[in-house]
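S.K.: Structure provided below as structure tokens; questions to follow.
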Amino acid sequence: MLALLTAGVALRRLRVLDRRLARTGGGAAEGAGTSGERLDAVETEVARLRDEVAGALRHVAVVRYDAFGDMGGRMSFSAAFLDDAGDGVVVSSIHARGESRTYGKAVVGGDSDVVLTPEERQALDAARSGRAD
């Protein structure tokens with residue numbers, strides 16, 4: 000009688016474990032396949048995100064300066080925004096007493112086809128190297 004009761008309890012526990020296993024992705028062979036598929040999906044997503052991040056304008060540097068001798072406070076600036084390939088833009092804002100002008104110059108492969116000012120070149124070099132001068 001005790002053996003029959005023990006067998007019944009063991010059978011009930013086995014059914015509970017079997018249901019839990021089914022909810023988590025199946026048996027050992029199925030679970031390994033599912034885990035492998037999940038790992039492949041994660042690796043694909045990581046590769047896609049790496050490509051996306053490489054194209055982001057994440058290398059940034061700003062150089063502030065006085066554009067005119069009679070002005071103080073270093074109100075003018077040049078800022079470089081680049082991706083991992085060195086593509087992006089250099090933006091300069093020249094501040095004078097009566098006005099401010101803003102310029103943008105495209106950068107491809109770490110250089111511009113338009114002549115850069117020394118301050119723009121400094122911002123570009125600082126963004127590419129990752130450190131301010």
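Position one of the sequence shown corresponds to residue 0 (numbering that gives the first Met the number 0), numbered consecutively onward.
Ideal placement from N, C-alpha and C gives every residue a C-beta, glycine not left out.
1. So for Gly35, helix, strand or coil by DSSP?
2. If I measure Cβ to Cβ from Glu29 and keep anything under 7 Å in the same chain, skipping five residues before and after, which residues do I get?
3. Taking C-beta to C-beta, are Val106 and Leu123 nearer than 8 Å?
4. Would you call the stretch 88-100 in contact with the stretch 65-75, where contact means no fewer than 3 C-beta pairs closer than 8 Å?
5. Can you tell me the Cα-Cα spacing of Arg18 and Val41, whole angstroms?
6. So Ala55 packs on Asp86, CB below 8 Å; how close in whole Å?
7. Look up Asp82 in the DSSP assignment and say whether it is helix, strand or coil.
8. If you count every other CB in all the chains shown that lies within 10 Å of the CB of Ser34, and 16 or more means buried, which is it?
9. On the DSSP letters alone, give me the boundaries of the beta strand (DSSP E) that Arg100 sits inside.
10. Identify, in the order they occur along the chain, each residue of the same chain with its Cβ nearer than 7 Å to the Cβ of Leu115, setting aside the five sequence neighbours on each side.
11. Check this for me: beta carbons of Gly109 and Arg120, under 8 Å apart or not?
12. Could you check what DSSP says for Ala53 in three-state terms: helix, strand or coil?
13. In whole angstroms, what separates the C-alpha of Ala46 from that of Ala79?
M.R.: Let's see:
1. helix
2. With a pLDDT of 49 at Glu29, under the threshold of 50, the modelled position of this residue cannot be trusted, and the question is left open.
3. yes
4. Yes: the two stretches touch, three or more of their Cβ pairs being nearer than 8 Å.
5. 27 Å
6. About 11 Å; that fails the 8 Å criterion.
7. coil
8. exposed
9. 99-106
10. Val89, Lys104, Leu123
11. no
12. helix
13. 27 Å
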